[in-house]
Amino acid sequence: MKKHFLTICIFSALAFGTISCDSSDDNHVHPENKLEKFKGTWTGTYSGDGEGTWTATFDNAGNAEGTLVSGSNTFNLTGEVSENGTINAEFFSGSTAVGTMTGTLTDKTGSGTWNNKVQNFNGTWTGTKN
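First residue of the sequence shown: 7, per this note's numbering; consecutive thereafter.
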């Protein structure tokens with residue numbers, strides 16, 4: 007009986023060791039990409055001293071590229087958003103920076119101010135994620 011008891015104890019210990027060391031139990035921390043919620047295409051309008059529309063596509067690193075349209079003029083728009091939703095962008099005519107857009111994005115909406123430093127125009131903008 008002692009022989010069987012010892013054998014049962016050894017097998018139990020081996021079985022417990024195998025179960026408790028299962029790699030699926032490891033606590034791997036997968037960092038959350040806090041910029042992922044901004045990823046996608048955003049569209050909006052701006053108004054004030056001038057008015058028009060804008061479109062920007064954000065990647066999962068928070069970088070944006072798009073356009074800003076004012077009447078018959080189309081400007082290239084580039085910028086970035088931080089993890090807390092602060093956005094900073096510039097719009098260009100060719101390689102010349104014409105103005106800036108700053109503000110805040112949530113996971114679905116955004117708003118802020120814009121400034122055209124060439125014409126000394128400014129105003130506000132709003133937008134939504136498509």
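Every residue, glycine too, gets a C-beta built ideally from N, C-alpha and C.
DSSP places lysine 135 in the uninterrupted beta strand (DSSP E) bounded by 127 to 135.
When DSSP states are grouped into helix, strand and coil, glutamate 57 belongs to the coil group. When DSSP assignments are scanned along the region 55 to 111, the uninterrupted stretches of beta strand (DSSP E) that are 3 or more residues long and fall wholly within it turn out to be 58 to 64, 69 to 76, 79 to 87, 92 to 99, 102 to 111. An exposed status is given to valine 35, since fewer than 16 other beta-carbon atoms sit within 10 Å of its beta-carbon. The C-beta of glycine 77 has fewer than 16 other C-beta atoms within 10 Å across all chains shown, which makes the residue exposed.
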